[in-house]
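Colleague: This is the structure I have questions about; it appears just below.
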Amino acid sequence: MASVAKLETPKKTHGKSLPKKCKSVDEFYALYDEDGFMVGDPDRHRAYHVKIIRPTTMHHANIVVSLYKEIYQGTYPYLEMLDPTYVKESFADPKCYWGIFRIEQGSPEAGTDVGCFTIVNDFDTRTAYFRGLNVLPQFHKKVGVRELATSMCVHFLNATMGRIDKWYIEARTAHNKVQYISRLAGCKTQALLLNKDYFLGKKESDCLQVAYWDHALESRRVIPKSILPEILPFYYRAQQMHNLPHAKRLEMIPLQLETEDLDYHETFRILTKVKLSATRDKYGYVALSIKDPQTGSFLTALHTESVKNIEKIKYHCTDVSVLAGFYLLLKNYSLRQKVEYVEWQVPVSDVVACKFLFGQNFTIMGYIPAWIPSWERVLMFEDAVVFTWTSGDLAIENIKLLPEGEELLDLITMNHDFSQDPLILPEIERIITPTQIEII
């Protein structure tokens, strides 16, 4: 992809340019430079000048671990970030883009490492995950966190130009500062992940924000042709937010999953012949896998023990009866392992899976355009519906969101009864036994 030219912003004689909420990555990239300032902004003075160091050595890895320990006061739940050997190895992984923020010579406290960041790339899906931006609290006001974040983004875009179409962040909701900074870079609130995470030892919700290069929505999106009525408000919200084209005719599919749609004999076969395997690594991540040799159907997922959630579910099922069996095996595992949060991202075109999960009392938490790779078209992406389930009480009043996030939360609460009992297929669920879960 050709690089985007910088906009010629008229220079001002005085005053500081106000930060702008960008509509897309294209607009952000045109407005900001690698120092984190708007192009043409005359007020570029900063007492603390900070540069980005690309880490490569064990010394750098120890710096990163030290920063994580200090910033999170020893409570950071993702243990690999506290292992210098793992961190150093990830420096050389092309999927990981790292940086350390260091105060430059000539500035107060020169040579001090004040923070770090990491971005995880999935080049197959052309997606980047802004995993972490960490700055020591005592330096927040001194170094300008917004400028550091903007600088990080521009450096990353220069390094991945033409290989990444979109990026996302799961921002904290104990405050909305990260959401605000991400919104400046074009990240718009697409879903709320209630009760997904733990920070500083406390349960917390995340806000899923996504930013796109314009061409990712213009030429790589599969426009849906059918949809469930319950998903329609979230679809219209995404359409309006991104100014997306509508299908010429959008077919409405009834929500109700009829009894005859489910072949109980096939579901019973899955529950008696197929096993769920769970492979745990030393950092507390458990890779889950279910495979049915007879139909070629499969499901994979990630269980993160430290935060008690299951996410990154990928599946391919020949019909809803197989999906029901896979779901019940996963549900049984979740109950035994005391999982508190489960998240499915389902193609909007898979109306049968959407119906099934809605019937199990999963909540629609958002809608993400051009998100899941199409099975039929190379480098094309389907819109996704975000379904979640949580076992805990939702302290919605404590969540801090931007106005667009508050509007989404209102939409979620209007369209779902959190006290509703799920339809859990009790007549076949009882036959699941512990022997159907293999933990390695």
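Numbering of the sequence shown is given in this note's numbering, commencing with residue 318 and proceeding in unit increments. All C-beta atoms in this analysis are idealised placements derived from N, C-alpha and C, irrespective of residue type, glycine included. Given the structure is predicted, the values throughout are model-derived calculations rather than measurements.
#1: Kindly identify the DSSP beta-bridge partner or partners of M355.
#2: Run through DSSP, which three-state label would R538 get?
#3: Would you kindly report the start and end of the unbroken alpha helix (DSSP H) that includes K337?
#4: Smallest Cα separation from A378: which of Q455, Q662, M558, L399?
#5: For Y553, count the other beta carbons within 10 Å of its own beta carbon; 16 or more makes it buried, fewer makes it exposed. Which is it?
#6: Cα-Cα, which of A364, W661, D578 is closest to I685?
#7: Going by alpha carbons, who is nearest to K505 out of G479, I587, K494, Y529?
#8: Are the Cβ atoms of A488 and F516 separated by less than 8 Å?
#9: The alpha helix (DSSP H) with M682 in it runs from where to where?
#10: Is N438 helix, strand or coil when you go by DSSP?
#11: Can you tell me whether L567 is buried or exposed, with buried defined as 16 or more other CB within 10 angstroms of its CB?
#12: Leaving out five residues before and five after V495 in sequence, what residues of the same chain have Cβ atoms less than 8 Å from its Cβ?
#13: Residues in the same chain with beta-carbon distance under 8 Å from R480, minus the five sequence neighbours each way, listed in chain order, please.
#14: For L725, tell me which candidate among L605, P562, L525, E344 has the shortest Cα-Cα distance.
#15: In the DSSP output, which residue or residues are listed as bridge partners for C524?
#16: Are there 16 or more other CB atoms within 10 angstroms of the CB of K631, so buried, or fewer, so exposed?
#17: In its own chain, which residues sit with a C-beta less than 6 Å from the C-beta of K608, not counting the 5 before and 5 after it?
Modeller: Let's see:
#1: Taking the sequence shown and counting its residues from 1, the one referred to as residue 355 is at position 38. In DSSP, M355 forms a bridge with Y349.
#2: On the sequence shown, position 221 is the one that residue 538 refers to. R538 falls in the strand class under three-state DSSP.
#3: Reading the sequence shown from its first residue, position 20 is the one you call residue 337. First-last for K337: undefined, no H or E at that position.
#4: For this step, residue 378 is matched to residue 61 along the sequence shown. For A378, the nearest C-alpha among the options comes from L399.
#5: The count along the sequence shown starts at 1 and reaches residue 553 at position 236. With fewer than 16 other Cβ atoms from the protein chains shown falling within 10 Å of its own Cβ, Y553 counts as exposed.
#6: In the sequence shown, counting from the first residue as 1, residue 685 sits at position 368. Among A364, W661, D578, the Cα nearest to that of I685 belongs to W661.
#7: As a working note, residue 505 is residue 188 in the sequence shown. For K505, the nearest C-alpha among the options comes from Y529.
#8: To locate residue 488, count along the sequence shown from 1; it is residue 171. To locate residue 516, count along the sequence shown from 1; it is residue 199. Result no, Cβ atoms of A488 and F516 do not sit closer than 8 Å.
#9: In the sequence shown, the residue the question calls residue 682 occupies position 365. Run containing M682: none in the alpha helix (DSSP H); it sits in the beta strand (DSSP E), 680–690.
#10: Taking the sequence shown and counting its residues from 1, one reaches residue 438 at position 121. Note: N438 maps to strand in three-state DSSP.
#11: In the sequence shown, counting from the first residue as 1, residue 567 sits at position 250. It is exposed - the Cβ of L567 has fewer than 16 other Cβ atoms within 10 Å.
#12: Mapped onto the sequence shown, residue 495 falls at position 178. Here the set comprises L450, I486, A488, R489.
#13: On the sequence shown, residue 480 is found 163 positions in, with the first residue counted as 1. Cβ neighbours of R480 beyond the five flanking positions: N438, F440, R443.
#14: Within the sequence shown, residue 725 is the residue found at index 408, counting from 1. Of the candidates L605, P562, L525, E344, the one whose C-alpha sits nearest the C-alpha of L725 is L525.
#15: For the purposes of this step, residue 524 is taken as residue 207 along the sequence shown, with counting starting at 1. DSSP output for C524 lists A488, L509 as bridge partner(s).
#16: As a first step, residue 631 is located in the sequence shown; it is residue number 314 there, counting from the start. The Cβ neighbour count for K631, taken over all protein chains shown within 10 Å, is under 16; the residue is labelled exposed.
#17: Counting from one through the sequence shown, the residue named residue 608 turns up at place 291. So the qualifying residues of the chain are F615.
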